[in-house]
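Student: Below is one structure. I have some questions about it.
As structure tokens, then:
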């Protein structure tokens, strides 16, 4: 003997609503909808380039700036030298070789550096940067970034 499901003993068939109809049902109007999730877009190429630039900055400080300051007996602290910061635009070819270096801005607060020392520093930085091969994330083109340090004194 086959059994059948009946709602409340009613022998009439009830129409089953499709899911799309359930969403437009007037009974749903009083119910809260699921919250809309915020979404963000991440430019992975920019993230990679920013991480690579962080490595370039560290290498610049250890291989160029610190040796220059050490040779002139300049201590990087809050009383002698607390700011040496530059903005440079580097242009590279398809192999990542730097073909052009342009200083955009600078902030230098070092009591022991003379104007001749600052000129020599500019020259040393330009020579150093022109010897660099940028990571593949930079590709062929230009990139502007900060180099140096600003101590929080």
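Numbering (the numbering used here), first residue to last: 93 to 245.
Beta carbons are placed, not taken as given, at the ideal position from N, Cα and C, and that holds for glycine.
#1: Leaving out five residues on either side along the sequence, give the residues of the same chain with a beta carbon under 7 Å from the beta carbon of residue 222.
#2: Mind checking who residue 179 pairs with in its DSSP beta bridge?
#3: Would you identify the three-state DSSP class for residue 137, choosing helix, strand or coil?
#4: Going straight from the alpha carbon of residue 237 to that of residue 186, what length do you get?
#5: Exposed or buried, which one is residue 202 when buried takes at least 16 other CB atoms within 10 Å?
#6: Grouping DSSP H, G and I as helix and E and B as strand, with all else coil, what is residue 245?
#7: Express the C-alpha separation of residue 175 and residue 164 in angstroms, rounding to a whole number.
#8: Mapping DSSP to helix, strand and coil, what is residue 158?
#9: Which same chain residues, not among the five before or five after residue 210, have their C-beta less than 8 Å away from its C-beta?
#10: So that I know if they touch, is there some Cβ in chain B lying closer than 8 Å to that of residue 185?
#11: Suppose you measure from the CA of residue 229 to the CA of residue 215; what does that come to, to the nearest Å?
#12: Per DSSP, residue 173 is paired with what?
Tutor: In short, the structure shows the following:
#1: The residues are 190 and 193.
#2: Residue pairing for residue 179: DSSP places it in a beta bridge opposite 197 and 238.
#3: helix
#4: 19 Å
#5: buried
#6: Coil, per DSSP.
#7: One C-alpha to the other measures close to 16 Å.
#8: helix
#9: Excluding positions up to five away in sequence, the list reads 200.
#10: Here chain B cannot be found, since the structure has a single protein chain.
#11: Their Cα atoms are separated by approximately 26 Å.
#12: 202
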